[in-house]
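*Asks:* Sharing a structure below in structure tokens format, with a few things to ask.
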Amino acid sequence: MGAMTYTTYCAPSPSPGAARQARTAWPLLVFGAWGLGVGWPTAEALAQSPAEPAPGMVASPDGSFVVDERMRLAWARCVEGMEWNGKTCTGTPLMLDRAQARARATERWKAEGLDWRLPRAPELQRLVNKAAQPPAVDAALFPATPPEWHWTSTTDVKAGQANQYTYSNTMQNRSGQGEGQMSYLHGWAVHMRTGEARKDVGKDSKLPVRLVRTWVAP
8 MGAMTYTTYC
18 APSPSPGAAR
28 QARTAWPLLV
38 FGAWGLGVGW
48 PTAEALAQSP
58 AEPAPGMVAS
68 PDGSFVVDER
78 MRLAWARCVE
88 GMEWNGKTCT
98 GTPLMLDRAQ
108 ARARATERWK
118 AEGLDWRLPR
128 APELQRLVNK
138 AAQPPAVDAA
148 LFPATPPEWH
158 WTSTTDVKAG
168 QANQYTYSNT
178 MQNRSGQGEG
188 QMSYLHGWAV
198 HMRTGEARKD
208 VGKDSKLPVR
218 LVRTWVAP
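As structure tokens, then:
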């Protein structure tokens, strides 16, 4: 009898808490639990289809931001904590919880007089090129992007079709928390390696942040 072969399953994008762990192949016959919390992406997150990459994205003349002409948005070239040196983004990304991320946007707004804010989940998803193999952010426009979850301003936990097996719904059933309480505790994040979006990320999670603002054509 010939040798038995196994088909392997590659783990999906890790949660914010496990974003830096190596990807591991598991036999289909052994599907281990990742643990309670935001371990594996939820069924809802896996079912979502990230937006296609936006056409017409170009770097500004000084290279400090990227313009999405279609959506009339100006994106920070680098995540917070890093700086554009004329060629790439240098420095170390700031890892912020959601309150800190919002405060960071407010600080830049006041300091620069520009309406910097956290992006909405669909806006941030547009930066991920799903046509690429593997999917990725355009490194020429957004160099040194951390390939992990990033904060968004989206907080509506009712967005998307409900699934009784998602983490957030399971926790509501266990603790009796309503959607308002879940919205208070959790927010949406987008994974910049895959474009996946999920709603059950604890607001105390430390994630990178890329800010965006309104762009007005000169």
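Here the sequence shown is numbered in the numbering used here, starting from 8 and rising by one per residue.
Beta carbons are placed, not taken as given, at the ideal position from N, Cα and C, and that holds for glycine.
Computed from a prediction, not measured in an experiment: that's the story for all the values here.
Name, in chain order, the residues that DSSP records as bridge partners for Arg-79.
*Replies:* Residue mapping note: residue 79 aligns to position 72 of the sequence shown, counting from 1. None, per the DSSP bridge assignment.
*Asks:* For Pro-225, which three-state DSSP category applies?
*Replies:* The count along the sequence shown starts at 1 and reaches residue 225 at position 218. In the three-state reduction of the DSSP assignment, Pro-225 falls in the coil class.
*Asks:* In the DSSP assignment, find the alpha helix (DSSP H) that holds Trp-116 and state where it starts and stops.
*Replies:* The residue given as residue 116 occupies position 109 in the sequence shown. Its alpha helix (DSSP H) spans residues 105 to 119.
*Asks:* Does the region 111 to 124 come into contact with the region 138 to 155, if we say contact requires no fewer than three beta-carbon pairs (one atom in each stretch) closer than 8 angstroms?
*Replies:* With a cut-off of 8 angstroms, the region 138 to 155 and the region 111 to 124 do not count as touching, because too few Cβ pairs lie within range.
*Asks:* For Val-216, count neighbouring Cβ atoms within 10 angstroms of its own Cβ and tell me buried if that reaches 16, exposed if not.
*Replies:* Along the sequence shown, read from residue 1 onward, the residue named residue 216 stands at position 209. Under this definition Val-216 is a buried residue.
*Asks:* Let me know if Pro-68 comes out buried or exposed under the rule of 16 or more other beta-carbons within 10 Å of its beta-carbon.
*Replies:* In the sequence shown, counting from the first residue as 1, residue 68 sits at position 61. Looking at its Cβ environment, which holds fewer than 16 other Cβ atoms inside 10 Å, Pro-68 is exposed.
*Asks:* Tell me the rounded alpha-carbon separation between Arg-105 and Ala-224.
*Replies:* Working through the sequence shown from its first residue, we reach residue 105 at position 98. Working through the sequence shown from its first residue, we reach residue 224 at position 217. One C-alpha to the other measures close to 30 angstroms.
*Asks:* Does the Cβ-Cβ distance between Leu-103 and Val-197 come in under 8 angstroms?
*Replies:* As a first step, residue 103 must be located in the sequence shown, where it is residue number 96. As a first step, residue 197 must be located in the sequence shown, where it is residue number 190. The answer is no: Cβ separation not under 8 angstroms.
*Asks:* I want to see whether chain C comes within less than 8 angstroms of Ala-139, judged by CB atoms only; does it?
*Replies:* Absent from the structure is chain C; it holds one protein chain and no more.
*Asks:* Go through its chain and collect everything with a Cβ distance to Thr-221's Cβ below 6 angstroms, but skip five positions before and after it.
*Replies:* The sequence position of residue 221 within the sequence shown is 214, counting from 1. If we look at Thr-221 and ignore the five residues flanking it on each side, its Cβ neighbours are Asp-122.
*Asks:* If we count the other Cβ atoms within 10 Å of its Cβ and call it buried at 16 or more, is Lys-206 buried or exposed?
*Replies:* For the purposes of this step, residue 206 is taken as residue 199 along the sequence shown, with counting starting at 1. Buried, because 16 or more other Cβ atoms sit within 10 Å of the Cβ of Lys-206.
*Asks:* Measure the C-alpha to C-alpha separation of Trp-158 and Ala-112 and round it to an integer number of angstroms.
*Replies:* As a position in the sequence shown, residue 158 is number 151, starting the count at 1. As a position in the sequence shown, residue 112 is number 105, starting the count at 1. In a straight line, the C-alpha of Trp-158 is about 12 angstroms away from that of Ala-112.
*Asks:* Determine the direct distance from the alpha carbon of Lys-210 to that of Ser-71, and round the result to whole angstroms.
*Replies:* By one-based count along the sequence shown, residue 71 stands at place 64. By one-based count along the sequence shown, residue 210 stands at place 203. Roughly 29 angstroms separates the two Cα atoms.
*Asks:* If we count the other Cβ atoms within 10 Å of its Cβ and call it buried at 16 or more, is Val-37 buried or exposed?
*Replies:* For the purposes of this step, residue 37 is taken as the residue at position 30 of the sequence shown. Confidence is the limiting factor: at Val-37 the pLDDT is only 32, short of 50, which leaves the residue's position unreliable and the question unanswerable from this model.
*Asks:* Assuming Cys-264 and Glu-90 are in contact, meaning their beta carbons sit under 8 angstroms apart, how far apart are those beta carbons, in whole angstroms?
*Replies:* What is shown of the chain runs 8 to 225, which leaves residue 264 out entirely.
*Asks:* What does a CB cutoff of less than 6 angstroms around Ala-40 pick up in its chain, not counting 5 residues either side in sequence?
*Replies:* Residue numbering aside, residue 40 sits at position 33 when the sequence shown is read from its first letter. Per-residue confidence for Ala-40 stands at a pLDDT of 34, beneath the threshold of 50, marking its modelled position as unreliable; the derived number appears in the next sentence. Cβ neighbours of Ala-40 beyond the five flanking positions: none.
*Asks:* Starting from the Cα of Gly-93, find the closest Cα among Ala-66, Met-78, Lys-117, Pro-100 and give me that residue.
*Replies:* By one-based count along the sequence shown, residue 93 stands at place 86. Here the closest residue by C-alpha is Ala-66.
*Asks:* Can you check which of these residues, Arg-127, Leu-80, Leu-134, Met-78, is closest to Asp-163 by C-alpha distance?
*Replies:* As a first step, residue 163 is located in the sequence shown; it is residue number 156 there, counting from the start. Closest by alpha carbon: Arg-127.
*Asks:* Taking Cβ to Cβ, would you say Ala-83 is nearer than 8 angstroms to Leu-214?
*Replies:* One-based indexing of the sequence shown puts residue 83 at position 76. One-based indexing of the sequence shown puts residue 214 at position 207. In this structure, Leu-214 does not lie closer than 8 angstroms to Ala-83 by Cβ.
*Asks:* Taking only the alpha-carbon atoms, compute the straight-line gap between Leu-134 and Leu-192 and give it to the nearest angstrom.
*Replies:* Within the sequence shown, the letter at position 127 stands for residue 134. Within the sequence shown, the letter at position 185 stands for residue 192. Looking at the two C-alpha atoms, the distance is approximately 26 angstroms.
*Asks:* In the DSSP assignment, what residue or residues form a beta bridge with Val-144?
*Replies:* Here residue 144 is taken as the residue at index 137 of the sequence shown, counted from 1. Per DSSP, Val-135.
*Asks:* If Leu-125 sits next to Arg-109, beta carbons under 8 angstroms apart, how far is it from one beta carbon to the other, in whole angstroms?
*Replies:* For the purposes of this step, residue 125 is identified with residue 118 of the sequence shown, where counting begins at 1. For the purposes of this step, residue 109 is identified with residue 102 of the sequence shown, where counting begins at 1. Yes, they are in contact, since the Cβ atoms of Leu-125 and Arg-109 sit about 6 angstroms apart, within 8 angstroms.
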